[in-house]
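Heads up: the sequence lines are chains A and B, in that order.
First residue of the first sequence: 1, per the UniProt record's numbering; consecutive thereafter.
First residue of the second sequence: 1, per the UniProt record's numbering; consecutive thereafter.
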Amino acid sequence: MIDLRIERWQAWAPGLDNAAAWQAWAQAPHAVSDDGKLQPACAFLPAMQRRRLSRLARMTLEAAWPLCDDGEQLPFVFASRHGETTRTLALLGDLVDEQPLSPTQFGLSVHNAIAGQWSILREQRGESVALAGEADAFEHAMLEGTLQLAAGAPSVLVVVAEELPPPAYAEWIDDVPFSYAVALRLGKTTATGEAPTTTDWQLQPGRHDDRGTPCAWPHALDFLRALLVHEPSLEHVWKARRWNWQRSR
Amino acid sequence: MNAPTQTALEQAIAQLIIDTLNLEDLQASDIPPAQPLFGEGLGLDSVDALELALALQKRYGIRVESDAKNAREHFATVANLAAYVASQQGAGDGAH
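So, in structure tokens, the structure goes:
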């Protein structure tokens, strides 16, 4: 059994950029319209520091930024199943056209580039991890976050982000209804001074043998939904894995 | 003091810098020809230099070897870049 506290959360999707909008979404989940262009402003950064941020990076930073206090050092867990599909497709296009590759696109297409940019821009010098998982990448990221707590960190930042991939990927990627980033600040359940807004959860990983129904929404969004509508429990299954969430406070 | 006016080539290069490096909220006229591009000036860095060299190659068909002694000088300002592009174009396309 894994215990963790959700100290704070922040999320971004097209048209869903504040707590009230997410509360309304959680009451009636739906696929929001995503034109692939609308992106967060990241107004906390000067323009010169924003210039290399992809849309996925902007979404990640917009969600994570307010959860880390100025001068605070937090372990950072970034998870994305598909990563920088837009940058990757641009590079593949240049290769097909026998054009030289953009050094910026190439350097920032790797999976840990966003964690690296977070480290530089938020002046974080501690642990950071970039994960790619399947439909339950969210649970694996939360597991990694709790491992960081167990290793001694008082709080940890976990961000799950996906960008709606370019149409060329449509045949293979069907689990991103719209671009989103969900940032959760995890803490220990034994910590004192819990605010009324914090919630405690137990995560129980188990074996799954049935051909169960996969969750209708990406797991990170479904967890946020359950958090916002005060659901006492939820279960996510994927292949041989069963993830049981119970709210304990 | 009025900023010196840009030549057409200087303006085109300033715009190329803005477009290539995704400099939001800047216009070509915001980069004076004599302003240093790197460090304390506009604030570009070494990755920008690589990106810019690639853009110049694509747009004007000129190569800037990274180990060229005077590359640093060519890239110092928009005016220097314009002079370098003009000299390379004047040298003809058959140089390689």
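Just so you know, even glycine gets a beta-carbon here, dropped at the ideal spot from N, CA and C.
All of these numbers come straight from a predicted model, not from anything done at the bench.
Exposed or buried, GLU7(A), counting other C-beta atoms within 10 Å across all chains shown (16 or more means buried)?
buried
Out of PRO33(B), GLN57(B) and ALA14(B), which one is the CA nearest neighbour of GLN27(B)?
ALA14(B)
Distance check for TRP9(A) and ALA151(A), CA to CA, integer angstroms please.
22 Å
May I ask you to list, following chain order, the residues of the stretch 60-83 of chain B that have a beta carbon less than 9 Å from some beta carbon of chain A?
none
Compute the beta-carbon to beta-carbon distance between LEU121(A) and VAL77(A), rounded to the nearest angstrom, for a pair I have assumed lies under 8 Å.
Not quite, the Cβ-Cβ distance comes to about 17 Å (not below 8 Å), so this is no contact.
May I ask you to list the residues that DSSP assigns as paired with SER233(A)?
GLN246(A)
Can you name the residues of chain B whose CB is closer than 7 Å to the CB of residue 255(A)?
Here chain A covers residues 1 to 249 and nothing more, so residue 255(A) does not appear.
Just how far apart, CA to CA, sit MET59(A) and ALA13(A)?
8 Å
Cross-strand partners of TYR180(A) (DSSP beta bridge)
Residue pairing by DSSP puts TYR180(A) in a beta bridge opposite GLU162(A).
Look at the Cβ atom of THR77(B), then the Cβ atom of LEU37(B), and state whether they are nearer than 8 Å.
yes
Return helix, strand or coil for TRP118(A), following the three-state DSSP convention.
helix
Cross-chain neighbours of ASP25(B) in chain A, by beta carbon under 8 Å:
ASP25(B) reaches chain A at ALA47, counting residues in chain order whose Cβ is nearer than 8 Å.
Check whether the Cβ of LEU21(B) lies closer than 8 Å to any Cβ atom in chain A.
yes
Here's a check: name, in chain order, each residue in its chain whose Cβ is nearer than 7 Å to the Cβ of THR198(A), leaving out the five neighbours to either side.
ARG5, ILE6 and GLU7
Do the stretch 92-104 of chain A and the stretch 174-184 of chain A touch if we need at least three Cβ pairs shorter than 8 Å?
no
Any chain B beta carbon closer than 8 Å to ARG249(A):
Not one chain B Cβ lies under 8 Å of ARG249(A).
Enumerate in chain order the residues of its own chain whose CB-to-CB distance from ASP94(A) is below 6 Å, with the five nearest sequence positions on each side excluded.
LEU101
Compute the Euclidean distance between the alpha carbons of SER46(B) and PHE75(B), then round it to the nearest angstrom.
11 Å
Are there 16 or more other CB atoms within 10 angstroms of the CB of GLY61(B), so buried, or fewer, so exposed?
Label assigned to GLY61(B): exposed.
Would you mind telling me which residues of chain C sit closer than 8 Å to ARG51(A), beta carbon to beta carbon, in chain order?
This model lacks chain C altogether; the protein chains it does include are A and B.
Given this structure, state the Cα-to-Cα distance separating ASP17(A) from PRO165(A), to the nearest angstrom.
When rounded, the distance between both Cα atoms is 20 Å.
Which value, in whole angstroms, describes the spacing of the CA atoms of ARG52(A) and ASP210(A)?
45 Å
Under 8 Å, Cβ to Cβ, is there at least one residue of chain B near PRO100(A)?
yes
Take TYR84(B) and list the residues in its own chain whose beta-carbon comes closer than 6 Å to its own, dropping the five residues that flank it on each side.
HIS74
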